[in-house]
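Protein chains in written order, with this note's numbering: chain C, 637 to 796; chain L, 637 to 796; chain V, 637 to 796; chain S, 637 to 796.
Comments concern the structure below.
And the structure:
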């Protein structure tokens with residue numbers, strides 16, 4: 637399961653992200669993130685402290701260009717900038733998006749484009765041109781609900 | 637200027653996209669698209685019929701994997717699937733998004749992540765976590781307005 | 637047709653590259669390069685001076701990160717670093733490699749991996765593990781021969 | 637440390653690759669490969685049997701498009717085709733190339749372009765335009781020597 641979110645965030649968002657990381661690790665999932673700070677660091681920390689594994693998919697070419705957060709067991713350097721968001725979206729069966737950055741939104745969209753399950757938590761509100769909410773993303777009210785939705789049966793509507 | 641939109645669309649959206657392509661070509665712009673059908677084909681057609689240049693940035697490895705639309709002067713094959721959306725977002729100074737696909741939304745988000753000007757036309761409605769509309773994208777009500785906004789002075793707010 | 641070569645080169649290599657660019661333009665081809673200096677700039681210059689079109693596929697996110705050479709009609713910014721070499725290798729039916737850089741060698745290998753025709757000119761000498769030269773790349777002794785081989789009938793051996 | 641090699645190979649090459657994977661795992665390294673068959677599968681198998689960790693960076697969008705080999709602890713799906721070779725080249729401090737495929741050669745070149753240590757084992761012979769062997773790759777005669785060279789002090793010549 638991937639956790640997506642901005643590289644800088646306030647304490648409330650960090651606490652949410654850390655709880656999501658912890659709950660995913662307790663459920664036996666590897667936690668994939670973009671490997672940087674903010675939400676990404678908090679989710680990685682939560683996973684590691686719960687005895688789980690955090691893996692980061694970084695935008696830069698090496699640790700100097702993209703310092704990884706300190707809780708990663710493995711750092712994948714793509715050297716592809718934000719195109720790495722597509723790798724993150726593909727490499728997980730589900731994505732939990734926390735917060736409202738543009739990078740986060742790109743990961744939501746790329747994950748849905750590829751039919752991956754997406755759960756929004758304290759994140760963007762989206763309306764299609766006609767005004768309706770997209771039926772193929774889930775909206776969670778808490779970290780516990782986000783993890784439950786992400787791990788629910790994967791029979792979702794295909795991307796539209 | 638890039639024009640982003642789904643590979644399949646109804647006639648109304650196609651007419652909008654064709655007008656956008658025509659107006660951009662009349663303004664002397666190269667029209668960049670994802671090179672496929674639907675909105676992308678209509679914008680390319682509009683540009684070419686107005687004597688302009690349409691360039692496509694395709695997801696597949698060759699013309700068999702990603703048939704280009706017939707109005708392209710140049711087809712760039714990336715072989716990178718939806719990660720090509722990042723290339724499209726970067727290669728233009730401004731992006732006009734038409735319609736409500738997930739791929740389109742990913743291009744909107746990637747373009748803003750990189751500080752490119754973004755104009756939404758008959759596209760997604762976006763609200764940040766707190767409920768406010770993002771201040772750094774423009775919303776147009778017509779093809780003419782979309783082109784005018786895309787070509788306006790590029791001093792926009794930086795990405796947030 | 638793509639022309640691949642290092643971003644810095646001596647005058648002899650630049651003269652070769654400029655002649656290749658000119659001959660490709662005279663044959664009606666768009667000249668694709670990595671868009672930077674050295675061999676890439678010389679090939680673009682040759683194409684443009686012959687009235688042709690030079691297109692660059694740049695590694696950086698914008699003109700500040702990757703200054704394009706001044707003879708490009710179109711600059712595609714990938715923001716993907718050396719992964720842009722895969723885009724260059726795919727977007728042309730044939731690749732002429734000039735000089736001996738590592739980036740150039742990666743483009744040769746990626747082009748052959750995808751079954752594109754490859755011509756080496758003053759470039760690497762390659763031997764497979766058993767010692768034999770690969771049968772699926774051409775070696776040219778002059779710019780004229782390189783262009784002739786690149787434009788020859790495309791029925792080549794598939795990649796091995 | 638990354639191990640690069642073709643997706644199909646004979647038993648001799650597979651035995652070499654498996655020994656390399658085993659020795660890297662015994663040295664405490666994560667073994668990164670392209671995640672497919674042949675040399676990649678053999679190296680992953682060697683690592684896993686020695687109690688180590690094998691990670692694959694796959695070209696396709698999911699397990700159906702790119703079936704991962706069965707010894708991977710983690711599969712990263714890039715959906716980027718051969719552009720994933722750049723990710724593999726970047727994500728390791730050193731690359732051991734086994735066998736003579738074009739994809740393998742692209743990884744050698746990309747790794748050197750980025751200054752990563754490269755060791756060739758039963759792989760390509762390379763000569764620069766002037767005829768000299770590149771001074772910045774190592775050539776090993778055995779799996780043991782390849783691993784020793786890959787793990788040697790990383791003070792190598794910068795890429796040329």
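Ideal placement from N, C-alpha and C gives every residue a C-beta, glycine not left out.
- Residue 673 (chain L) sits away from residue 765 (chain C), with the two beta carbons spaced by 8 Å or more.
- Rounded to the nearest whole angstrom, the C-alpha separation of residue 700 (chain L) and residue 684 (chain V) is 30 Å.
- In this structure, residue 641 (chain V) places its C-beta atom within 8 Å of the C-beta atom of residue 675 (chain V).
- Secondary structure of residue 735 (chain L) (DSSP, three-state): strand.
- Assignment of residue 692 (chain L) by DSSP, reduced to helix, strand and coil, places it in the strand class.
- Annotation: residue 690 (chain C) to residue 720 (chain C) spans about 17 Å, alpha carbon to alpha carbon.
- When secondary structure is reduced to three states using DSSP, residue 654 (chain V) falls in the helix class.
- The alpha carbon of residue 646 (chain S) has as its nearest neighbour, out of S:668, S:678, S:661, the alpha carbon of S:678.
- Put simply, the CB of residue 763 (chain S) is near chain V, with a gap under 8 Å to one of its CB atoms.
- Annotation for residue 704 (chain V): 671, 672, 692, 694, 711 place their beta carbon closer than 8 Å to its own, counting only its chain and skipping 5 residues before and after.
- Taking a C-beta cut-off of 9 Å against chain C, the contacting residues of the stretch 738-755 of chain L are 738, 739, 740, 741, 742, 743, 744, 745, 746, 747, 748, 749, 750, listed in chain order.
- Shortest Cα-Cα distance from residue 698 (chain V) to any of L:688, L:727, L:716, L:639 involves L:727.
- Straight-line spacing of the CA atoms in residue 771 (chain V) and residue 780 (chain L) works out to 56 Å.
- For residue 702 (chain C), there are no C-beta contacts with chain L under 9 Å, since the nearest C-beta of that chain is about 15 Å from it.
- Around residue 707 (chain C), the same chain offers 680, 681, 684, 690 as residues with beta carbons nearer than 6 Å, after the five sequence neighbours per side are excluded.
- Pairing residue 777 (chain C) with residue 785 (chain C), the inter-Cα distance amounts to about 11 Å.
- Along the stretch 747-774 of chain L, the beta strand (DSSP E) occurs as fully enclosed runs of 3 or more residues at 753-759, 761-763, listed in sequence order.
- Non-local C-beta neighbours of residue 733 (chain V) in its own chain, meaning closer than 6 Å and more than five positions away in sequence, comprise 640, 740, 744, 756, 759, ordered along the chain.
- Interface annotation for the stretch 668-679 of chain V against chain L: empty, criterion Cβ-Cβ distance under 8 Å.
- Nearest in C-alpha terms to residue 782 (chain S), of all of S:648, S:643, S:644, S:653, is S:653.
- For the stretch 709-720 of chain C, residues whose beta-carbon sits nearer than 8 Å to a beta-carbon of chain L comprise 716, 717, 718, 719.
- In the DSSP annotation of this structure, the continuous segment of the alpha helix (DSSP H) that includes residue 780 (chain L) starts and ends at 779-786.
- Excluding its 5 nearest sequence neighbours in each direction, residue 656 (chain S) has C-beta neighbours in its own chain below 8 Å: 639, 679, 682, 732, 734, 757, 779, 782, 783, listed in chain order.
- The Cβ of residue 757 (chain V) sits no closer than 8 Å to any Cβ of chain L.
- At a cut-off of 8 Å between beta-carbon atoms, residue 722 (chain V) makes contact with chain L.
- Judged by beta-carbon spacing, residue 752 (chain C) lies within the 8 Å limit of residue 725 (chain C), meaning their Cβ atoms are closer than that value.
- Neighbours of residue 697 (chain C) across chain V, judged by C-beta separation under 8 Å: 717.
- Within the model, the alpha-carbon separation for residue 738 (chain S) versus residue 746 (chain V) is close to 7 Å.
- Each residue's CA atom was taken as its position, placing residue 637 (chain L) and residue 761 (chain L) some 21 Å apart.
- It is roughly 22 Å from the alpha-carbon of residue 748 (chain L) to the alpha-carbon of residue 767 (chain C).
- Beyond the five residues adjoining it in sequence on each side, residue 722 (chain C) comes within less than 6 Å, by CB distance, of 746 in the same chain, given in chain order.
- With contacts defined by Cβ atoms closer than 8 Å, residue 658 (chain V) and residue 686 (chain V) form a contacting pair.
- For residue 776 (chain V), DSSP records a beta bridge to V:757.
- Burial is judged here by how many other beta carbons sit within 10 angstroms of a residue's own beta carbon; residue 788 (chain C) has fewer than 16 and is exposed.
- Residue 787 (chain V) has a beta carbon lying at 8 Å or more from every beta carbon in chain L.
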